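Here is the structure we will look at.
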Amino acid sequence: MSSAAGGAAVGTTGAMVAALMPSKKKGSSDPFTSIVKYYIFSPNYILYYIGILVVIRILYMLFQGRGEDFNIGQFLVDINPFMWANIGIAMAIALSVVGAAWGIFITGTSLLGAAVKAPRIGTKNLISIIFCEAVAIYGIITAIVFSAKLTNGQQVREFEVANYFTGYSLFWAGVTVGMSNLACGISVGVAGSATALSDAYESSLFVKVLITEIFASVIGLFGLIVGLIISGGAQNFA
Amino acid sequence: MKEMMYYNINDGYPESIVRGYRRSLLTSSQYGTLTQSETLDDIKLQLSATDYGNFLQNEPPPLTTGVIADRLTERLVSEFNYLRRNSVDPLSKFLEYVTYQYFIDNVILLISGTLHERDPADLLHKAHPLGVFESMPALSVASNVQELYNIVLVETPLADYFRGCLTGHDLDEMNIEVIRNTLHKAYLEDFYDFCVNDLGGTTGVVMKELLEFEADRRIINITINSFGTELSKEDRLRLYPRCGKLSRESPAKLSAMNDIDAVKAVCDNYGEYQHLFRDMNRSERTLEDRFFEQEVRLNLLSFHQQFHYGIYYSWLKLKEQEIRNIVWISECIQQQQKERISDFVPTL
Chain S
1 MSSAAGGAAV GTTGAMVAAL MPSKKKGSSD PFTSIVKYYI FSPNYILYYI GILVVIRILY
61 MLFQGRGEDF NIGQFLVDIN PFMWANIGIA MAIALSVVGA AWGIFITGTS LLGAAVKAPR
121 IGTKNLISII FCEAVAIYGI ITAIVFSAKL TNGQQVREFE VANYFTGYSL FWAGVTVGMS
181 NLACGISVGV AGSATALSDA YESSLFVKVL ITEIFASVIG LFGLIVGLII SGGAQNFA
Chain P
1 MKEMMYYNIN DGYPESIVRG YRRSLLTSSQ YGTLTQSETL DDIKLQLSAT DYGNFLQNEP
61 PPLTTGVIAD RLTERLVSEF NYLRRNSVDP LSKFLEYVTY QYFIDNVILL ISGTLHERDP
121 ADLLHKAHPL GVFESMPALS VASNVQELYN IVLVETPLAD YFRGCLTGHD LDEMNIEVIR
181 NTLHKAYLED FYDFCVNDLG GTTGVVMKEL LEFEADRRII NITINSFGTE LSKEDRLRLY
241 PRCGKLSRES PAKLSAMNDI DAVKAVCDNY GEYQHLFRDM NRSERTLEDR FFEQEVRLNL
301 LSFHQQFHYG IYYSWLKLKE QEIRNIVWIS ECIQQQQKER ISDFVPTL
């Protein structure tokens, strides 16, 4: 009776282990190596391991009565405003340039191919590329204007309210400009590709499709304006 | 969204090339001048003003329609191969799928030619250039399907399509047609599955329309051609591709189609196919013409969307239609039978 129960227990454990075994892969020498490779070293379950470690850390803090150490607000306040400001400036220029580059390649490939059969469109359609380029220029303008506010190199009272304001406003202005220019660049790129292809098909369509592209490029301008307004009230770091 | 952002990385250049090719299809005014030509040399002159240019320059006189047809097909093949050279996965896979149709036609051509004891070199000459593969000459030596498969076809991409027809029967006249239709059915279903499930997106939507029409066309043609032959109902049902609109009807209804009126009744349920059978007795357009018209209409529509692969397939079909048109016009002129010269389906 007990041996039958023991046999059943062994059987179920065996079945569970067999179910957990990874599928037979070529090149795995024995089951142990393949289990280790599949569950530990490959990226299949790595998120679960990271999650387990995070949960353990949290429980550690909780059970030692230090649950309030996990303080997001304090973390945000502890970050130096210079950090916020510089990340904002980096976002502004980086995301704008990504958007512009994206738009240029979308338009450029279509333009290249279309100009093979219809060479006349080559020069006129460079205007689409110029619209994309303008997006990058918005980014660099904001980056230069914002970096003019990073005046302080000396050790100073960093955590004054005015400095916090400058830090936060430059961060969010930079993110605004960057994200809107990213979207603008992509949309101008897609519109530009459509412009090139329709112009190659029939020349009278060029101006009409270009109008949609002009509307698309206005988005980046909106981002630029809002970014300049947000950061307008920020004073130099002091 | 994802298509708009990522399509042009790999496939932007071939797409715009294909759109350039599509623009240089013949227009109605060019067709008009072609139909008014008196001799084949006139046609050569008119065609030199179009995108074809001086492709007939080096031909020794006298010019025949066979030569014109060959040169036109050569042009098509060189343009298609340019696209293939400039494409990467998954576009290159898609273009490969498109060529399998010619592959199948070549295989059947060689098998039936061998059966009728034609000269293998002559057959190779007649094979469609888009469907050539290395082991083609070896097809002439096989005598039954099993041998054919084991020697030649198992290494080609068509190996999967042969599974339905490997019954070990010896090759004979009737069987070859059945093999051809089985292969085409397997090819259509595979292509449909590739486009709709693997590629998805706009390509899936566009190719679904085109391939469903192709499958329905096959179903109707098989049905009509099998009236009065000894093809049994079950065999006929087995030849219908599963990816058409008509294939979703119940098998009972499909096998009950025994004459043209029954086919018409089934097709009346589908808006797109109603006009195919309308006024059959009174009008001069045959069913085949109407199929071509519908095909041209669908293929022209696929150019209205951007960022998908359907335009490559559509352009190929439209170009083939144009070649058929030019050859028709040339034949009418060569045989001095100008009454039916405008009886083609223009790709406008």
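Protein sequence lines correspond, in order, to chains S and P. Each step along the first sequence adds one to the number in our numbering, with nothing skipped, and position 219 is 219. Each step along the second sequence adds one to the number in our numbering, with nothing skipped, and position 73 is 73. The beta carbon of each residue, even a glycine, is placed where N, CA and C say it ideally should be. Bear in mind that the values here come from a model prediction, so they are computed numbers and not experimental data.
### Task
With P81 (chain S) as the anchor, note down where its alpha helix (DSSP H) starts and where it stops.
Residue mapping note: residue 81 (chain S) aligns to position 81 of the first sequence, counting from 1. Run containing P81 (chain S): P81 to K117, per the alpha helix (DSSP H) assignment.
### Query
For W84 (chain S), which residues of its own chain have a beta-carbon under 8 angstroms away from its beta-carbon, when the five flanking residues on both sides are left out?
Residue numbering aside, residue 84 (chain S) sits at position 84 when the first sequence is read from its first letter. For W84 (chain S), where only same-chain residues beyond five positions count, the Cβ hits under 8 angstroms are G167, Y168, L170 and F171.
### Message
Buried or exposed, going by whether 16 or more other CB atoms sit within 10 Å of the CB of L76 (chain S)?
### Response
Locating residue 76 (chain S) in the first sequence gives position 76, counting from the first residue. By the neighbour-count rule (16 or more Cβ atoms within 10 Å), L76 (chain S) is not buried but exposed.
### Task
Pick out the complete alpha helix (DSSP H) segments inside the stretch 196-240 of chain P, 4 residues or longer, and give them in chain order.
201-225 and 233-239
### Message
Counting C-beta neighbours from all protein chains within 10 Å, is the total for T142 (chain S) 16 or more, i.e. buried, or is it exposed?
### Response
As a position in the first sequence, residue 142 (chain S) is number 142, starting the count at 1. Burial call: buried.
### Task
Please check the pair L211 (chain P) and S302 (chain P), which I expect to be a contact at CB under 8 angstroms, by giving their CB distance rounded to whole angstroms.
Here residue 211 (chain P) refers to the residue found at position 211 of the second sequence. Here residue 302 (chain P) refers to the residue found at position 302 of the second sequence. L211 (chain P) to S302 (chain P), Cβ: 12 angstroms. No contact.
### Query
Is R66 (chain S) near the ligand NAP, in the sense that its beta carbon is under 7 angstroms from a heavy atom of that ligand?
In the structure shown, the ligand NAP is absent, as is every other ligand, since no ligand is present at all.
### Query
Do L158 (chain P) and F103 (chain P) come within 8 angstroms of each other at the CB atom, strictly closer than that value?
Within the second sequence, residue 103 (chain P) is the residue found at index 103, counting from 1. Within the second sequence, residue 158 (chain P) is the residue found at index 158, counting from 1. Cβ atoms of F103 (chain P) and L158 (chain P): closer than 8 angstroms.
### Query
Residues in its own chain within less than 7 angstroms of M179 (chain S) by CB, not counting five upstream and five downstream?
Looking up residue 179 (chain S) in the first sequence gives position 179. L95, listed in sequence order.
### Query
Counting only beta-carbon atoms, is I111 (chain P) nearer than 8 angstroms to chain S?
What you label residue 111 (chain P) is simply residue 111 of the second sequence in a count that begins at 1. No, no contact with chain S.
#### Entry: Beta-carbon spacing of G20 (chain P), K117 (chain S) below 8 angstroms
For the purposes of this step, residue 20 (chain P) is taken as the residue at position 20 of the second sequence. For the purposes of this step, residue 117 (chain S) is taken as the residue at position 117 of the first sequence. Taking 8 angstroms as the Cβ cut-off, G20 (chain P) and K117 (chain S) qualify as a contacting pair.
### Query
In chain order, which continuous runs of the beta strand (DSSP E) of length 3 or greater are located wholly inside the stretch 234-316 of chain P?
none
### Query
Alpha carbon to alpha carbon, how far is F80 (chain P) from V18 (chain P)?
Looking up residue 80 (chain P) in the second sequence gives position 80. Looking up residue 18 (chain P) in the second sequence gives position 18. Roughly 9 angstroms separates the two Cα atoms.
### Task
With R163 (chain P) as the anchor, note down where its alpha helix (DSSP H) starts and where it stops.
Here residue 163 (chain P) is taken as the residue at index 163 of the second sequence, counted from 1. Neither: R163 (chain P) is in no alpha helix (DSSP H) and is coded neither H nor E.
### Query
Going by Cα to Cα distance, which pick from P:E331, P:L72 and P:L183 is closest to A215 (chain P)?
Translated into positions along the second sequence, residue 215 (chain P) becomes position 215. When only C-alpha atoms are compared, the closest one is P:L183.
#### Entry: L124 (chain P) versus V67 (chain P) - alpha carbon distance
As a position in the second sequence, residue 124 (chain P) is number 124, starting the count at 1. As a position in the second sequence, residue 67 (chain P) is number 67, starting the count at 1. Going from the Cα of L124 (chain P) to the Cα of V67 (chain P) covers about 17 angstroms.
### Task
Measure from the C-beta of R23 (chain P) to each C-beta in chain S and report whether the shortest distance is under 8 angstroms.
For the purposes of this step, residue 23 (chain P) is identified with residue 23 of the second sequence, where counting begins at 1. True, the Cβ-Cβ gap to chain S drops below 8 angstroms.
#### Entry: Best match in P:V98, P:L91, P:S92 and P:L139 for proximity to S356 (chain P) [C-alpha to C-alpha]
Only positions 1 to 348 of chain P appear in the structure, and residue 356 (chain P) is not among them; the question remains open.
### Task
Give me the Cβ distance between I89 (chain S) and G174 (chain S), rounded to the nearest whole Å; I'm assuming they're in contact under 8 angstroms.
For this step, residue 89 (chain S) is matched to residue 89 along the first sequence. For this step, residue 174 (chain S) is matched to residue 174 along the first sequence. Contact flag correct, Cβ pair sits at about 5 angstroms.
### the stretch 5-17 of chain P: positions lying closer than 8 angstroms to chain S by Cβ
M5, N8, I9, G12, Y13, P14, E15, S16 and I17
### Task
Flag Q57 (chain P) as yes if its beta-carbon sits less than 8 angstroms from any beta-carbon of chain S, otherwise no.
Along the second sequence, read from residue 1 onward, the residue named residue 57 (chain P) stands at position 57. No, no contact with chain S.
#### Entry: Cβ shell of F133 (chain P) (< 7 angstroms), same chain only, five flanking positions each side left out
Position 133 of the second sequence holds residue 133 (chain P). Taken in chain order, the residues that qualify are F103 and T156.
#### Entry: Reduced DSSP secondary structure (H/G/I, E/B, other) of K208 (chain S)
Position 208 of the first sequence, counting from 1, holds the residue named residue 208 (chain S). K208 (chain S) falls in the helix class under three-state DSSP.
### Segment contact flag, the stretch 214-232 of chain S with the stretch 266-285 of chain P, C-beta cutoff 8 angstroms, min 3 pairs
no
### Query
Just the Cα atoms here: how many angstroms apart are D119 (chain P) and V141 (chain P)?
Position 119 of the second sequence, counted from the start, is the residue given in the question as residue 119 (chain P). Position 141 of the second sequence, counted from the start, is the residue given in the question as residue 141 (chain P). One C-alpha to the other measures close to 12 angstroms.
### Task
Grab me the residues of D11 (chain P)'s own chain with a C-beta within less than 6 angstroms of its C-beta, minus the 5 sequence neighbours each way, in chain order.
To locate residue 11 (chain P), count along the second sequence from 1; it is residue 11. Counting only Cβ-Cβ distances below 6 angstroms, and skipping sequence neighbours, we find L91.
### Query
Can you tell me whether DSSP reads N325 (chain P) as helix, strand or coil?
Position 325 of the second sequence, counted from the start, is the residue given in the question as residue 325 (chain P). It is helical.
### Task
Could you pull the start and end residues of the alpha helix (DSSP H) that I17 (chain P) belongs to?
Position 17 of the second sequence holds residue 17 (chain P). Segment K2 to R23, the alpha helix (DSSP H) holding I17 (chain P).
### Query
Is V178 (chain P) closer than 8 angstroms to I220 (chain P) when the C-beta atoms are compared?
For the purposes of this step, residue 220 (chain P) is taken as the residue at position 220 of the second sequence. For the purposes of this step, residue 178 (chain P) is taken as the residue at position 178 of the second sequence. Contact flag unset, no.
### Query
Does R278 (chain P) have its Cβ less than 8 angstroms from a Cβ in chain S?
Counting from 1 along the second sequence, the entry for residue 278 (chain P) is found at position 278. Chain S, which has no Cβ nearer than 8 angstroms to the Cβ of R278 (chain P), makes this no.
### Exposure label - F227 (chain P); buried when at least 16 CB within 10 Å
Position 227 of the second sequence, counted from the start, is the residue given in the question as residue 227 (chain P). So F227 (chain P) counts as exposed.
### Query
Using a Cβ-Cβ distance under 8 angstroms, would G122 (chain S) count as near chain P?
Here residue 122 (chain S) refers to the residue found at position 122 of the first sequence. Output row for G122 (chain S): interface = no.
### Task
Just the chain S side, please: which residues come within less than 8 angstroms of Q306 (chain P) by C-beta, in chain order?
For the purposes of this step, residue 306 (chain P) is taken as the residue at position 306 of the second sequence. Result: S193, A194 and L197.
### Listed by chain order, chain S residues near G20 (chain P) by CB distance under 8 angstroms
Counting from 1 along the second sequence, the entry for residue 20 (chain P) is found at position 20. Correct list: G113, A114, V116, K117, A118 and A200.
### Task
Pick out whichever of P:K233, P:S16 and P:L318 has its Cα sitting closest to the Cα of A115 (chain S).
Here residue 115 (chain S) refers to the residue found at position 115 when the first sequence is read from its first residue. The shortest C-alpha separation from A115 (chain S) is found at P:S16.
#### Entry: V161 (chain S) to G51 (chain S) span [Cα, whole Å]
As a first step, residue 161 (chain S) must be located in the first sequence, where it is residue number 161. As a first step, residue 51 (chain S) must be located in the first sequence, where it is residue number 51. Rounded to whole angstroms, V161 (chain S) to G51 (chain S) spans 37 angstroms at the Cα level.
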